[in-house]
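Novice: Okay, handing you the structure first.
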Amino acid sequence: MISNDNATSSDSLYVDEYGVIKVSFTHCWSSERCTKPYRPLSSKNTIETEASSSESAQLIASNNDFLIEILLHLPTRCLLRLQTVSKQWLSIISSPQFRCLHTRRNARSSTSTIGLFLCQNPTFNFLSLRQEDFSAMSMMNERFSSIRKGKIICHVNSCNGLFCLDIKLSDGKREFYVYNLTTGKYRLIPQPDTIDEPHLVKTMNLAFDPEKPEDYHAVCVWLSVSGNQLRFAVYSLSTGVWRHSTECYDCNEYGGVDLCYYYGVFWNGAVHWVSQTAPFLRFEIGNCAFRSMPTTPIVEGQWHRNIEYFGESGGHLHLIDLNPHPSMQFDILELEVNYSGWFVKYHVNLDFLPNLYPVMVNQEVNPPEEYAYSNVFSTICFLEDEKDKAMLLLSLPGKIILYNLGNRMIKELADVKPASFRLFIDGARYDGFEIPNCRCISAIERSINLIYSTCNLTIREFVAKRVFPSSKETTKYDVAVWHKAAIGKLLWNTCAKKDKLWVQWVYCYKMEGIEIYLWDVPKKASWVIQKILQATKYFHKAGIDVNDVAGMETFSTKQLYINLRGQFPKVHWRKLVCNNMGLPRWIFILRLAILGRLLSWIGIVRDPKEWNEEISWTVTYARESSHKAEVYRMLLAATIYHVRRERNSRVFHSKRHASVHIIRHIIQEVHVKAAMKHRTAH
Amino acid sequence: MVKLKSNDDKEFEVEEAAVIQSEMIKNMIEDGCATSVIPLPNIDSKTLIKVIEYLNKHINMGKAAETGEEDDLKEFDEQFVNMGWEELFDVIMAANYLNIHELMELCCQSAADRLKNKSVRAVREMLKITNDLTEEEEQEIINDAPWAFEGPEIDDTVN
Numbered sequence: 001m002i003s004n005d006n007a008t009s010s011d012s013l014y015v016d017e018y019g020v021i022k023v024s025f026t027h028c029w030s031s032e033r034c035t036k037p038y039r040p041l042s043s044k045n046t047i048e049t050e051a052s053s054s055e056s057a058q059l060i061a062s063n064n065d066f067l068i069e070i071l072l073h074l075p076t077r078c079l080l081r082l083q084t085v086s087k088q089w090l091s092i093i094s095s096p097q098f099r100c101l102h103t104r105r106n107a108r109s110s111t112s113t114i115g116l117f118l119c120q121n122p123t124f125n126f127l128s129l130r131q132e133d134f135s136a137m138s139m140m141n142e143r144f145s146s147i148r149k150g151k152i153i154c155h156v157n158s159c160n161g162l163f164c165l166d167i168k169l170s171d172g173k174r175e176f177y178v179y180n181l182t183t184g185k186y187r188l189i190p191q192p193d194t195i196d197e198p199h200l201v202k203t204m205n206l207a208f209d210p211e212k213p214e215d216y217h218a219v220c221v222w223l224s225v226s227g228n229q230l231r232f233a234v235y236s237l238s239t240g241v242w243r244h245s246t247e248c249y250d251c252n253e254y255g256g257v258d259l260c261y262y263y264g265v266f267w268n269g270a271v272h273w274v275s276q277t278a279p280f281l282r283f284e285i286g287n288c289a290f291r292s293m294p295t296t297p298i299v300e301g302q303w304h305r306n307i308e309y310f311g312e313s314g315g316h317l318h319l320i321d322l323n324p325h326p327s328m329q330f331d332i333l334e335l336e337v338n339y340s341g342w343f344v345k346y347h348v349n350l351d352f353l354p355n356l357y358p359v360m361v362n363q364e365v366n367p368p369e370e371y372a373y374s375n376v377f378s379t380i381c382f383l384e385d386e387k388d389k390a391m392l393l394l395s396l397p398g399k400i401i402l403y404n405l406g407n408r409m410i411k412e413l414a415d416v417k418p419a420s421f422r423l424f425i426d427g428a429r430y431d432g433f434e435i436p437n438c439r440c441i442s443a444i445e446r447s448i449n450l451i452y453s454t455c456n457l458t459i460r461e462f463v464a465k466r467v468f469p470s471s472k473e474t475t476k477y478d479v480a481v482w483h484k485a486a487i488g489k490l491l492w493n494t495c496a497k498k499d500k501l502w503v504q505w506v507y508c509y510k511m512e513g514i515e516i517y518l519w520d521v522p523k524k525a526s527w528v529i530q531k532i533l534q535a536t537k538y539f540h541k542a543g544i545d546v547n548d549v550a551g552m553e554t555f556s557t558k559q560l561y562i563n564l565r566g567q568f569p570k571v572h573w574r575k576l577v578c579n580n581m582g583l584p585r586w587i588f589i590l591r592l593a594i595l596g597r598l599l600s601w602i603g604i605v606r607d608p609k610e611w612n613e614e615i616s617w618t619v620t621y622a623r624e625s626s627h628k629a630e631v632y633r634m635l636l637a638a639t640i641y642h643v644r645r646e647r648n649s650r651v652f653h654s655k656r657h658a659s660v661h662i663i664r665h666i667i668q669e670v671h672v673k674a675a676m677k678h679r680t681a682h
Numbered sequence: 001m002v003k004l005k006s007n008d009d010k011e012f013e014v015e016e017a018a019v020i021q022s023e024m025i026k027n028m029i030e031d032g033c034a035t036s037v038i039p040l041p042n043i044d045s046k047t048l049i050k051v052i053e054y055l056n057k058h059i060n061m062g063k064a065a066e067t068g069e070e071d072d073l074k075e076f077d078e079q080f081v082n083m084g085w086e087e088l089f090d091v092i093m094a095a096n097y098l099n100i101h102e103l104m105e106l107c108c109q110s111a112a113d114r115l116k117n118k119s120v121r122a123v124r125e126m127l128k129i130t131n132d133l134t135e136e137e138e139q140e141i142i143n144d145a146p147w148a149f150e151g152p153e154i155d156d157t158v159n
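Here the protein sequences come in this chain order: E and Y.
All letters in the first sequence, in the order written, are residues 1 to 682 by UniProt numbering.
All letters in the second sequence, in the order written, are residues 1 to 159 by UniProt numbering.
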């Protein structure tokens, strides 16, 4: 049953600096990408390439669009290396836009976990599941130990390839860092602001969705010591803002001291925590609030669950509960995507294991109570990929093995200390493997770089952007205010133009001769007349004495309107939206976009970058009525419209179009519109 | 049938079902601009033959999955991209111009596969790129991610 297939892979031995872990590869866990046959070019083709100085090769190599298209297909490691090809390649690969695209693209392609960190305090060792990653990962591991610079790392947790390090300083304080293992960049997560009571930070959890790489968060759970309540705060790593949840979790009421002690699991836009005694908890990042979540029952006669594993794999949440007794048969539960409940995904029977690994079996005749297990193992993690290939990573005394639930094959991954039964129970099991320090890092390739692409915003810029938004700048024509001004004019008419027939009619029939200067509205008057007479309050508002109204020679509705509305400066970009030939819906969206409301309108708080520069450029260079400028303005409007439409189609119809496709669409539409203008001009 | 004309004035007749895999030609047909010959000024006949070969093979993508011809198609794709760099780039440009998404993906993936495990020097040589980075700049990048530059799988040969 043990595959010891030396033919497929050469054994390699790795002894780390402490000599603690020895990893021997007795297998080749090859990925799909690896098995894809690489087709060498035939010799004929090689000659051809060399013979001609390959004009199109140069064309491609010098054309960013094609180059980006090709580079997006490469794995992260290659990209990091190919940065040194030339300045052009460097600028493409290191640009945040490219990295975002790459991360997003790879988020869809593979979800395989490539390895895990084993914590054997105080060292962390990396265990790679694939041989091809091994050399790369061991080097990352070195860097990993170099960044802590002698500080103690209490916890590590990972979220889709990004790390959150919990570092204990010498004065007992704790610092949290986001760390990108792929690039080696890291950033401090500041302490939550505005906490003015004694508190204890319980966990810091990353919430990073590779589909949305530009927007990622850290969720901080802190215990308010006085109230014995768990409070939650979300830190946006892209804008640098803390959001505090108004809700809190009352430990007195629900119990669950262990809740949030472990790191939560990020899945589906929320962080999830399990507890051995209390109900499970789900915290949604987007609206900063709790939601209920199905909880597994506690076996009767017990006061707690025995949760062996809780984690995410292959886009699902999995849970292993070993109650009532740590037996060799258990269920792997999976959470329904709609949170309706847990269901049994796999039933695992490991009864054969002790036969293969006698070291698991307790051979003591009269063991003390705390060692009274018949046999031991510990589940490190459960992995499942897109093709439902399910594996369990198990730790036994002295060994880490990978058990394939499909073909029931076992692969030995590593020899670890300790090898004895007792040591396993109170040594490795509780010290090393069980705490989620050794959460698997999944698909590290995804996170090519997030840290230095985001948040270079200084505090001053931040205040300028957030606290004083340019809200007064508006071209919006307020119809309601205009109506009030128009009613004001009617009032002036009734006062000043008494010779007019309708005014006389009003006086005769509706007011029954009451002088209008009394300003009290006759109860008998009709609704319309009452409205007109009530318009005195608009004059008050506009700062005009009502008694002057009758004396006015002329009356300007516009003036009253402006007084009512208040003076606003004309916006400098009015030429972009006024007389724009584009379709009205483009212009509407363009206006929203200029105001910076487009994103907030659709619920995105983050500001687009360099947009203002873009607009000021457009204002300077595309204001005149030349054809070129006109087309540019239309293009701007059309682009924004289509980008928004694409967003809607992705969100509501889950349909994606390639950017090329959209661009083509825009070009076509602008072409048609411009051609129409051309025709009408002649 | 739709007539396509390459830039060296050769005409090709292609079935409409095949040719509408190209978004660009599909749009042209929908707009009624494809009544006579469609001139393709950026594509030479050699490349166009390749593209048409691809289009004809992929004529009914959905059907292939049903009838189990998927492997067949895969094999064809593998054979198809087995060509020189120059030819491949020509096809990429043609695919981009004609807006044939699958062909673009296929060719870019193939190009990426060729670059995947190559050393920097080999990539420069293959694509005839001159290095305009200074040594210090290069060293800085290497220091940033040294693990990307070492490893047994990195291939320094040019082919």
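The C-beta atom is built at its ideal place from N, Cα and C for all residues, glycine as well.
Identify, in the order they occur along the chain, each residue of the same chain with its Cβ nearer than 7 Å to the Cβ of residue 615/E, setting aside the five sequence neighbours on each side.
Specialist: Contacts found: 573, 594.
Novice: What residue does the beta strand (DSSP E) around residue 583/E start on, and which one ends it?
Specialist: Where residue 583/E is concerned, there is no enclosing beta strand (DSSP E), given that its DSSP letter is neither H nor E.
Novice: Reducing DSSP to helix, strand and coil, say where residue 282/E ends up.
Specialist: strand
Novice: Let me confirm a value: residue 340/E is counted as buried when at least 16 other C-beta atoms fall within 10 Å, else exposed. Which label applies?
Specialist: exposed
Novice: For the beta strand (DSSP E) holding residue 380/E, just list the boundary residues, first then last.
Specialist: 378–384
Novice: Looking at residue 176/E: is its Cβ nearer than 8 Å to the Cβ of residue 169/E?
Specialist: no
Novice: Report the residues of the segment 69–81 of chain E with a CB closer than 9 Å to any CB of chain Y, ordered along the chain.
Specialist: Interface annotation for the segment 69–81 of chain E against chain Y: 69, 70, 71, 72, 73, 74, 75, 76, 77, 78, 79, 80, 81, criterion Cβ-Cβ distance under 9 Å.
Novice: In this structure, does DSSP put residue 622/E in helix, strand or coil?
Specialist: coil
Novice: Let me see if you follow: with CB-CB separation under 8 Å, is residue 80/Y close to chain E or not?
Specialist: No - not a single Cβ of chain E is within 8 Å of the one on residue 80/Y.
Novice: Is it right to say residue 634/E is buried, meaning 16 or more other beta carbons lie within 10 angstroms of its own, or is it exposed?
Specialist: buried
Novice: Are at least three pairs of beta-carbons, each pair with one atom in the segment 93–105 of chain Y and one in the segment 121–128 of chain Y, less than 8 Å apart?
Specialist: Three or more beta-carbon pairs separated by less than 8 Å are not found between the segment 93–105 of chain Y and the segment 121–128 of chain Y, which leaves the two stretches without contact.
Novice: Shorter than 8 Å from the beta carbon of residue 246/E to some beta carbon of chain Y?
Specialist: no
Novice: Quick one: what's residue 3/Y bridged to in DSSP?
Specialist: 13/Y, 37/Y
Novice: Closer than 8 Å by C-beta to residue 247/E: which residues in its own chain qualify, once you throw out the five before and the five after it? Chain order, please.
Specialist: 232, 289, 290
Novice: Just reading off the beta strand (DSSP E) that residue 270/E is part of, what are its end residues?
Specialist: 270–273
Novice: Got a sec: which bits of the segment 83–104 of chain E sit with their beta carbon under 9 Å from any beta carbon on chain Y, in order along the chain?
Specialist: 83, 84, 85, 86, 87, 88, 89, 90, 94
Novice: For the segment 647–681 of chain E, enumerate the residues whose C-beta is nearer than 8 Å to any C-beta of chain Y, in chain order.
Specialist: Listed by position along the chain: 658, 660, 661, 664, 668.
Novice: Span of the alpha helix (DSSP H) holding residue 628/E?
Specialist: 627–652
Novice: Please determine, among 660/E, 362/E, 318/E, 383/E, the residue with the shortest C-alpha to C-alpha distance to residue 373/E.
Specialist: Of the candidates 660/E, 362/E, 318/E, 383/E, the one whose C-alpha sits nearest the C-alpha of residue 373/E is 362/E.
Novice: Chain Y beta carbons: is any one of them nearer than 8 Å to that of residue 163/E?
Specialist: no
Novice: Considering Cα atoms alone, identify which of 139/Y, 105/Y, 90/Y is closest to residue 45/Y.
Specialist: 90/Y
Novice: In whole angstroms, what separates the C-alpha of residue 140/Y from that of residue 646/E?
Specialist: 39 Å
Novice: Tell me where the beta strand (DSSP E) around residue 266/E begins and ends.
Specialist: 265–267 is the extent of the beta strand (DSSP E) around residue 266/E.
Novice: Under 8 Å, do residue 688/E and residue 286/E count as touching if we go by C-beta distance?
Specialist: Since the first residue shown for chain E is 1 and the last is 682, residue 688/E is missing from the structure and cannot be characterised.
Novice: Which residue's Cα is closest to the Cα of residue 76/Y: 85/Y, 87/Y, 56/Y?
Specialist: 56/Y
Novice: Could you say which of 345/E, 305/E, 202/E, 484/E lies nearest to residue 540/E if we only look at CA atoms?
Specialist: 484/E
Novice: Sort 241/E, 284/E, 230/E by Cα distance to residue 250/E and report the nearest one.
Specialist: Of all alpha-carbon atoms in 241/E, 284/E, 230/E, the one lying nearest the alpha-carbon of residue 250/E is that of 230/E.
Novice: I believe residue 345/E touches residue 318/E by the beta-carbon criterion, under 8 Å. Please report the beta-carbon distance rounded to the nearest angstrom.
Specialist: 7 Å
Novice: Kindly list, in the order they appear in chain Y, the residues whose Cβ is closer than 9 Å to that of residue 290/E.
Specialist: Correct list: empty, because the minimum Cβ distance to chain Y is about 40 Å.
Novice: Within the continuous alpha helix (DSSP H) that includes residue 89/Y, where are the two ends?
Specialist: 85–98
Novice: Given that residue 142/Y touches chain E, what residues does it touch there, using C-beta distances under 8 Å?
Specialist: 84
Novice: Grab me the residues of residue 179/E's own chain with a C-beta within less than 6 Å of its C-beta, minus the 5 sequence neighbours each way, in chain order.
Specialist: 163, 165, 186
Novice: So, for residue 552/E: in the same chain, excluding its five sequence neighbours on each side, which residues have a beta-carbon less than 8 Å away from its beta-carbon?
Specialist: 492, 496
Novice: Which class does residue 535/E belong to by DSSP, given the choice of helix, strand or coil?
Specialist: coil
Novice: I'd like to know whether the C-beta of residue 115/Y is nearer than 8 Å to at least one C-beta of chain E.
Specialist: Yes, contact with chain E.
Novice: Could you tell me the alpha carbon to alpha carbon distance between residue 334/E and residue 410/E, rounded to whole angstroms?
Specialist: 23 Å
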